[in-house]
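Residue numbers (UniProt numbering): 1 to 575.
Written out as structure tokens, the structure is:
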């Protein structure tokens, strides 16, 4: 129907909010049932009956039952969110209408129920024709402006009302088909309604996945506070991973999502085997490790800025709030990194060590960014084509560039000092990000343990001279991987000869043109170490020990660069 003035003016959005709260409570009870199913039924059956086809069948059925309960709870939550969004938006439109009606009343105009506006007659007895004409023009302009404003409000309110009705109708029809088809069919039907999540967010104006982070920030700032909190609660997996959402909000969403994702992976593991089971166990170990980090925060405080089981797993952890810190570093790990127990301890700890060292020089937030699938080198798999290509880096570069854009968009001042830090294959990802349209939104770049970054000179990264830094430990074999192109060595003038690594010119070479800083040599494990993944010298760049600090001080150098004190680094001779 077409929205009328009286309909919007007399509407009672609070009733929608009351209904939303009731649906929210119901969804919470379903979530509790799903948890109880896993704790008191599925787990105990698995412990008591863990062998044979019957046990496998029981585990599969119980796992699907828990997933069914979780899915149903999510759809109940979708009803609550749809009602909340409609109520918040209608309240806002009511406020707009009330202001316009007040203006009309003060001017002596009449607002009709269809939104049209009329003015009273003018008594012309004592007015000259010119005065009368001027007054009529002004009145006509005012009447037109008010009518246009009221029409816009009614149109927006009608759209919000229709969107809510359509969403509820789809959910209701899905539930009715579930009722007729039984519980098994119900799960499939409710799962098919999950696309409503995106519809609800789109209906309230959320930019699509390809929008710039700054547009997401602008959208979020325009939401009523209550609605924003409801969306974070109802759609944590979406908003917690969206660049352009403030760090504190992403942290809130992802902390809520972490146990849900962990429960899902454990359910999936109950019916998995082989490589799938191994991958799930690794992700579970990683999530549990992140839980430990978050439950024992220390200083600076950790923020969980991203979380997903996509690919080899995704996680973004910041030590310090990147929206308030003067300096922000974003570290990209490389070879063999995935969401597992090692990542949750070693890679995340590197960001914490950078933050702690950097605090000596300035306010800093230090991020570990696992937002892509890094190549996996298993055993003597040096011929693995994934490792030998830049495909993973190119795909990761797009996401990394958006991360840095988002840091600028949500920062309180809008002008943080940002450092892009790439380690190992992650340095190639940083290099590829610098080739994105608009360039790399960073003030400094640090490349450590690099096999090349896809460009031949520091100037190709698009930063001002003197703002690209590099380090290569003497015993780090990754920094010695030769170019796969034999012409680099036998054709005079081809490329940069001996300084050419697998992915381009050695960033630590004089030919590249970066500012080299000192690093401890690290333990020499030779070719055997490279073939079997035993590479202690490849991680010495982040070593906080006094011995490493006294013998090169790479971590201290990184901290100085991150805080804008690059001139204070301990330099090293280029190769």
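Here a beta-carbon is modelled for each residue, glycine too, at the ideal position from N, C-alpha and C. Since we're looking at a predicted model, the values are computed, not measured.
Shown here, residue 25 sits in a helix according to DSSP, grouped into three states. Closest in alpha carbon position to residue 348, among 172, 362, 306, is 306.
Your pair residue 327 and residue 417 checks out as a contact, with CB atoms roughly 5 angstroms apart and the cut at 8 angstroms. Excluding sequence positions up to five before and after residue 250, its CB lies within less than 8 angstroms of the CB of 239, 240, 241, 242, 303, 304, 305, 306, all in the same chain and listed in chain order. Counting other Cβ atoms within 10 Å of its Cβ, residue 437 stays below 16 and is therefore classed as exposed.
Taking all protein chains in view, the Cβ of residue 567 is surrounded by fewer than 16 other Cβ atoms within 10 Å, so the residue is classified as exposed. Just measuring C-alpha positions, the residue of 108, 14, 93, 172 sitting nearest residue 156 is 93. CA-CA distance, residue 203 to residue 245, rounds to 18 angstroms. Residues of the same chain with a CB within less than 7 angstroms of the CB of residue 556, apart from the 5 flanking positions on each side, are 357, 549 in chain order. Contact between the stretch 223 to 232 and the stretch 270 to 281 is absent: fewer than 3 CB-CB pairs across the two stretches fall below 8 angstroms.
Taking a cut-off of 8 angstroms for Cβ pairs, the stretch 319 to 336 and the stretch 361 to 375 touch, as three or more such pairs fall below it.
For residue 306, DSSP records a beta bridge to 316. Residue 350 sits in a helix when the DSSP states are folded into three classes. Counting only the Cα atoms, residue 272 lies some 10 angstroms from residue 265. Burial check for residue 121: the Cβ neighbour count within 10 Å stays below 16, so the residue is exposed. Here residue 515 is buried. Its C-beta has 16 or more other C-beta atoms within 10 Å.
Taken through DSSP and simplified to helix, strand or coil, residue 525 comes out as coil. Uninterrupted beta strand (DSSP E) stretches at least 3 residues long and entirely within the stretch 424 to 459 occur at 444 to 448, given in chain order. For residue 370, the enclosing beta strand (DSSP E) has its first and last residue at 364 to 370.
Per the C-alpha coordinates, the member of 453, 148, 81, 133 positioned closest to residue 104 is 148. In the three-state scheme derived from DSSP, where H, G and I count as helix and E and B as strand, residue 517 is classed as strand. The DSSP-derived three-state label of residue 235 is coil.
Fewer than three Cβ pairs drawn from the stretch 457 to 464 and the stretch 390 to 406 lie within less than 8 angstroms of each other, which leaves the two stretches out of contact.
Counting only the Cα atoms, residue 341 lies some 16 angstroms from residue 311.
Shortest Cα-Cα distance from residue 471 to any of 535, 430, 224, 552 involves 552. Across the structure, residue 138 and residue 112 are spaced so that their CA atoms are roughly 20 angstroms apart. As computed with DSSP, residue 118 is found in a beta bridge with 110.
Counting only runs of at least 3 residues, the stretch 245 to 316 fully encloses the following beta strand (DSSP E) elements, listed from N- to C-terminal order: 302 to 308. Judged by beta-carbon spacing, residue 431 lies within the 8 angstroms limit of residue 453, meaning their Cβ atoms are closer than that value. The three-state reading of DSSP puts residue 554 in helix, counting H, G and I together. Inclusion of residue 286 and residue 339 in the CB contact set at 8 angstroms is warranted, their separation being smaller than that value.
Shown here, residue 210 sits in coil according to DSSP, grouped into three states, outside any helix or strand.
Setting aside the 5 residues that flank it on each side, residue 571 is surrounded in the same chain by 515, 516, 517, 518, each with a C-beta closer than 8 angstroms to its C-beta; the list follows chain order. Under the DSSP assignment, residue 5 falls in the alpha helix (DSSP H) whose first and last residues are 5 to 9. Taken through DSSP and simplified to helix, strand or coil, residue 565 comes out as coil.
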